[in-house]
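Note that the sequence shown covers residues -21 to -1, 1 to 388 in mature numbering (1 follows the signal peptide of the UniProt record, and there is no 0). For each residue, glycine too, the CB sits at the ideal point set by N, CA and C. Quick caveat, the model's predicted, so the values are computed rather than measured. In what follows, a single structure is set out as structure tokens and then discussed.
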Amino acid sequence: MPRSLRLLCCLLLPLNLTLSASELPDFRPAVTEALKRGEKRIVIPPGVYRLAPEGGGKVVWNLSGVKDTEIVAEGVTLLSTKLTRAVAIHGCSQVILRGLTVDYEPLPFTQGVVIAAAEDKSWIEVKLHAGYPLKPYSRIDVIDAATRYRKKGMPFLWGTKAEMRGEDVVRVGREGIGAAAQPGDLASLNTGPAPDGIPHAVSIENCDAVTLDRVVVHSAPGMGILENDGEGLGRYLNCKVVPGPRPTGATEERLLSSSWDAMQVKTVRVGPLVKGCEIREAGDDSWSVQSSDYLVLKREGKTVILASRDEFTPGVQKGDRIQQRLGSPAAKIVSRRDLSRQEAGLSDEVMGKLKDAPAWSEWRVSPRCIEVLLDAELVLQPGDSVFSPDRMGNGFEFWTTRSTAPAGC
């Protein structure tokens, strides 16, 4: 996937309500009160807000169940002081969020220069740049020092392990890593959320027609922007997932923006309009639209027990169709409910396969089951996979001009 994408530009809409800076040492209470009053246009005063989740929560700023509302955050930077989700937009409809910038302090990544490699190529050592976290993050991306793009031919180095070797040196080990990285190369090393946090900078979950206008993500403990489930029909207008400014004490520019994908849309009915956006230096895919599949655990007539391969996706809903493959028979979900594996009455054989399934294997699925009643009987048995053709993000528009990444990146 290219390391840099630039897309065409789009529209602006009018504004109408302002809250004064003196009311907002922390903008969240004032926004909550404005929503309770039924305000349909709320302006957050510009400034840098260093915030963490309240009351032991996992999200810094929650917008839940908001409808037909515009929130203007021009010149506002939400600087999360914990590696967890910064903004969660959940169950919202016709919401516009304008101008917000999201960043993290501490950063969810560190970076430096490769200074040594083992003769057997089993490890490399990275001297960390001044001003970046002194942490042995292990998800490494090796970067050409001349071009500052991912090194040509660079594989995805899954399964690496890291440890500190002195105050500012990280040793990263994996068989063959020295074949991909040599002294003089640059490297970024990133992480996901904190152990008690959840991933991604901005999430849009189970929503309908949410617009992000000029929203900027400078770093993320996971993906930059993730939209999943719901009707979709989102709009990302003039948004950016790009590296932020140098941290305090640093002389080197950032090598990374999001730790994982920059923008991902998953299991929505209708994909978004993406226009005027810029993506640079993401830790994984720049942009993707995805479906999801479900493992069949049990079937009795028209009743089927499923489990998602993504434990964070709520799953197919009433009215969705399921089928095994394109062109195969499909049936519509008449009703659904969530239940545990114990409540689902699974066979001992199936329970054993689930219990012993290694990571990334066929039977490694969400611990939550989904019971669906179909309008027609499908010939399914435990171990089969199904998907929903109604949850593929069809209808998205992605406006692009050209890639600025060099060939091979």
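Residue i: first and last residue of the uninterrupted beta strand (DSSP E) it sits in
| i | result |
| --- | --- |
| residue 10 | It is not in any beta strand (DSSP E) - residue 10 instead sits in the alpha helix (DSSP H) that spans 6 to 15. |
| residue 273 | 272 to 279 |
| residue 197 | That residue, residue 197, is in no beta strand (DSSP E); it is neither H nor E in DSSP. |
| residue 41 | 38 to 43 |
| residue 26 | 26 to 30 |
| residue 169 | 165 to 169 |
| residue 183 | 181 to 187 |
| residue 379 | No beta strand (DSSP E) holds residue 379; DSSP gives it neither H nor E. |
| residue 106 | 102 to 107 |
| residue 365 | 364 to 366 |
| residue 215 | 214 to 216 |
| residue 72 | 72 to 77 |
| residue 233 | First-last for residue 233: undefined, no H or E at that position. |
Under 7 Å between C-beta atoms of residue i and residue j
| i | j | result |
| --- | --- | --- |
| residue 157 | residue 106 | no |
| residue 395 | residue 69 | Residue 395 is absent from the model: the chain starts at -21 and stops at 388. |
| residue 237 | residue 86 | no |
| residue 212 | residue 254 | no |
| residue 271 | residue 292 | yes |
| residue 220 | residue 372 | no |
| residue 310 | residue 352 | no |
| residue 133 | residue 166 | no |
| residue 194 | residue 42 | no |
| residue 288 | residue 365 | no |
| residue 252 | residue 49 | no |
| residue 124 | residue 163 | yes |
| residue 261 | residue 286 | no |
| residue 434 | residue 192 | Residue 434 lies beyond the residue range present for the chain, which begins at -21 and ends at 388; the question has no answer from this structure. |
Proximal residues to residue i (C-beta, below 8 Å), its chain only, five neighbours per side dropped
| i | result |
| --- | --- |
| residue 230 | 108, 109 and 110 |
| residue 104 | 93, 94, 95, 96, 144, 148, 149, 150 and 151 |
| residue 340 | none |
| residue 314 | 297, 351 and 352 |
| residue 84 | 29, 58, 59, 60 and 226 |
| residue 282 | 350, 351, 352 and 353 |
First and last residue of the uninterrupted alpha helix (DSSP H) at residue i
| i | result |
| --- | --- |
| residue 329 | 327 to 334 |
| residue 157 | 156 to 159 |
Cβ neighbours of residue i in the same chain (closer than 7 Å, five flanking residues each side left out)
| i | result |
| --- | --- |
| residue 374 | 249 and 250 |
| residue 172 | 62, 63, 178, 200 and 201 |
| residue 117 | 139, 140, 141, 151 and 168 |
| residue 208 | 184, 185, 246, 247, 292 and 293 |
| residue 391 | There is simply no residue 391 to check, as the chain begins at -21 and stops at 388 in what is shown. |
| residue 136 | 119, 153, 156 and 159 |
| residue 336 | 342 and 343 |
| residue 256 | -15, 215, 217, 218 and 219 |
Best match in the options for proximity to residue i [C-alpha to C-alpha]
| i | options | result |
| --- | --- | --- |
| residue 161 | 82, 335 and 120 | 120 |
| residue 56 | 73, 223, 232 and 201 | 223 |
| residue 44 | 24, 17 and 34 | 17 |
| residue 98 | 137, 65, 49 and 154 | 154 |
| residue 140 | 130, 152, 379 and 148 | 152 |
| residue 228 | 312, 257, 285 and 113 | 113 |
| residue 369 | 357, 302 and 323 | 302 |
| residue 327 | 365, 307, 352 and 276 | 276 |
| residue 295 | 335, 274, 308 and 280 | 274 |
| residue 28 | 39, 124, 357 and 19 | 39 |
| residue 31 | 176, 336, 320 and 317 | 176 |
| residue 265 | 306, 379, 346 and 355 | 379 |
| residue 360 | 334, 243, 312 and 280 | 280 |
| residue 37 | 257, 182, 355 and 263 | 182 |
| residue 239 | 71, 170, 187 and 329 | 170 |
| residue 355 | 218, 308 and 319 | 308 |
| residue 127 | 330, 325 and 259 | 259 |
| residue 88 | 316, 232, 338 and 131 | 232 |
| residue 205 | 67, 367 and 71 | 67 |
| residue 319 | 346, 33 and 11 | 346 |
| residue 71 | 174, 317, 210 and 131 | 210 |
| residue 363 | 317, 304 and 338 | 304 |
| residue 21 | 35, 33 and 46 | 46 |
Own chain partners of residue i with C-beta closer than 6 Å, once the 5 adjacent residues on each side are dropped
| i | result |
| --- | --- |
| residue 190 | 75 and 214 |
| residue 180 | 65, 81, 196, 199 and 203 |
| residue 23 | 6, 52 and 55 |
| residue 332 | 342 |
| residue 284 | 276, 277, 323, 348 and 350 |
| residue -1 | Low confidence applies here, because residue -1 scores a pLDDT of 37, under 50, leaving its location unreliable; read the following figure in that light. Excluding positions up to five away in sequence, the list reads 24. |
| residue 3 | Caution applies to residue 3, whose pLDDT of 43 falls short of 50 and renders its modelled position unreliable; the value that the coordinates give is listed next. Excluding residues within five positions, the ones whose Cβ falls inside 6 Å are 9 and 24. |
DSSP beta-bridge partners of residue i
| i | result |
| --- | --- |
| residue 246 | None; residue 246 has no bridge partner. |
| residue 348 | 318 |
| residue 282 | 279 and 352 |
| residue 88 | 169 |
| residue 207 | 184 and 245 |
| residue 389 | Residue 389 lies beyond the range of the chain shown here (-21 to 388); nothing can be said about it. |
| residue 389 | The structure shown does not extend to residue 389, since the chain spans only -21 to 388, so no value can be given for it. |
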